[in-house]
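Take a look at the structure below.
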Amino acid sequence: MNVLYFAWLRTKIGIGEETLELPEEVTTVSEFLDWLGQRGPTYLEALQDRSVVRVAVNQEYVPFDHVLAPDDEVALFPPVTGGLDGVT
Amino acid sequence: MIRVQQGKFDVGAEIAEVCEGDFAVGGIASFVGVVRDTGSGPSGFMTLEHYPGMTERKLADIEQQARARWDLANVLIVHRYGKLAVGEQIVLVITASAHRDAALESCHFLIDWLKTDAPFWKYEEDGQTGGWVGARESDDEAKLKWRD
Numbered sequence: 001m002n003v004l005y006f007a008w009l010r011t012k013i014g015i016g017e018e019t020l021e022l023p024e025e026v027t028t029v030s031e032f033l034d035w036l037g038q039r040g041p042t043y044l045e046a047l048q049d050r051s052v053v054r055v056a057v058n059q060e061y062v063p064f065d066h067v068l069a070p071d072d073e074v075a076l077f078p079p080v081t082g083g084l085d086g087v088t
Numbered sequence: 001m002i003r004v005q006q007g008k009f010d011v012g013a014e015i016a017e018v019c020e021g022d023f024a025v026g027g028i029a030s031f032v033g034v035v036r037d038t039g040s041g042p043s044g045f046m047t048l049e050h051y052p053g054m055t056e057r058k059l060a061d062i063e064q065q066a067r068a069r070w071d072l073a074n075v076l077i078v079h080r081y082g083k084l085a086v087g088e089q090i091v092l093v094i095t096a097s098a099h100r101d102a103a104l105e106s107c108h109f110l111i112d113w114l115k116t117d118a119p120f121w122k123y124e125e126d127g128q129t130g131g132w133v134g135a136r137e138s139d140d141e142a143k144l145k146w147r148d
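In order, the protein sequences belong to chains A and B. In terms of the working numbering, the first sequence has 78 at position 78, counting the first letter as 1, and numbering is strictly consecutive. In terms of the working numbering, the second sequence has 75 at position 75, counting the first letter as 1, and numbering is strictly consecutive.
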């Protein structure tokens, strides 16, 4: 599975992209985040507050109970902030 | 039509091009987003990161939603990414229709949805310190007003 990280998730984890082989028991996005958090302290810290983590699978936003497939492209990122700072 | 690019855009040229030769168009609305000085001073800048592929997909989705809701002759969304200085133009939305209401309303709709749906993240710097900009609840509220 190809996994992408953006914004502060990328800078905290230290890489922008990696290919991961998921264990069989990991099926949902939520389980994937639990499993990812055990990969090391940088992952754990980046993923500790799930309320500021958004997930896209194959470039579409998905909820945490979404079921993953082995060939999915999974992206983790903070809530988007748009590009127009001149407006409130 | 959507475009995601690093380079600058020319608002006048884009407006002229959007409905060239389409004589059914009666009104063109446009919105230009500018990098604002948020306390970093005029020498500040920001770097806009995005998710190539998903950005284009979400912008195309948003355009389709606007076209389904209003009778539009043309839509253009240009969004920049990369390093941008305070005062630079960052996003352009142009909508063209036979009537002004459709053009103005859809332009407003598109810019509200852009802020909450397009995968862009801002990193602001003032030359010494920098930080990622968090999402704002007011943006989500702006989007919700378009709910039927």
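Using N, Cα and C, we set each Cβ at its ideal position, and we do this for glycine too. Since this is a predicted model, take the numbers as computed values, not measurements.
Under 6 Å Cβ to Cβ from residue i, same chain only, skipping five residues before and after it: list those, please.
i, result
"B/Val93", "Phe31, Ile77, Cys107, Leu110 and Ile111"
"B/Ala85", "Phe45"
"B/Glu88", "Val35"
"B/Asp22", "Ala73"
"B/Arg3", "Val78"
"A/Thr27", "Val67"
"B/Phe9", "Val78 and Leu92"
"A/Leu84", "Since pLDDT at A/Leu84 reaches only 46, below the 50 mark, its modelled position is unreliable, and no value is offered."
"B/Gly33", "Ile90 and Val91"
"A/Asp65", "Thr28"
"A/Leu20", "Met1 and Val3"
"A/Trp35", "Val26"
Return the chain-ordered list of same chain residues with a C-beta closer than 8 Å to the C-beta of residue i, the five sequence neighbours on each side being excluded.
i, result
"A/Val74", "Met1, Asn2, Val3, Leu4, Val29, Phe32, Val55, Ala56, Val57 and Leu68"
"B/Trp146", "Phe109, Asp112 and Trp113"
"B/Val25", "Cys19, Ala73, Asn74, Ala96, Ser97 and Ala98"
"A/Gln38", "Leu44"
"B/Ile62", "Ile77, Leu110, Trp113, Leu114, Asp117 and Ala118"
Do the CB positions of residue i and residue j come within less than 8 Å of each other?
i, j, result
"B/Ala60", "B/Ser97", "no"
"B/Leu114", "B/Val133", "no"
"B/Val75", "B/Thr47", "no"
"B/Arg57", "A/Gln59", "yes"
"A/Thr42", "A/Gly14", "yes"
Pull up the DSSP beta-bridge partners for residue i, would you.
i, result
"B/Ala29", "B/Thr95"
"B/Asn74", "B/Ala96"
"B/Ala85", "B/Phe45"
"B/Lys122", "B/Leu48"
Excluding the five sequence neighbours on either side, which residues of its own chain have a C-beta within less than 7 Å of the C-beta of residue i, listed in chain order?
i, result
"A/Glu18", "Val3"
Stretch-stretch touch, CB-based, cutoff 8 Å, three pairs: the region 96-107 of chain B with the region 41-61 of chain B: no
Cβ contact check for the region 2-21 of chain A and the region 119-129 of chain B: 3 or more pairs under 8 Å: yes
Cβ-based contacts, 7 Å cut-off: residues of the region 54-67 of chain A near chain B: Ala56 and Gln59
Residues within the region 45-75 of chain B neighbouring chain A, beta-carbon criterion of under 7 Å: Leu48, Glu49, Tyr51, Gly53, Met54 and Arg57
The region 7-34 of chain A: positions lying closer than 9 Å to chain B by Cβ: Ala7, Trp8, Arg10 and Thr11
Chain A contacts made by the region 8-41 of chain B, where a contact means CB separation under 7 Å: Gly33, Val34, Val35, Arg36 and Thr38
Short-range partners of chain B found in the region 68-80 of chain A, where Cβ spacing is below 9 Å: Glu73, Ala75, Phe77, Pro78, Pro79 and Val80
Members of the region 111-135 of chain B that neighbour chain A once the beta carbon cut-off is set at 8 Å: Ile111, Leu114, Lys115, Thr116, Asp117, Ala118, Pro119, Phe120, Trp121, Lys122, Tyr123, Trp132, Val133, Gly134 and Ala135
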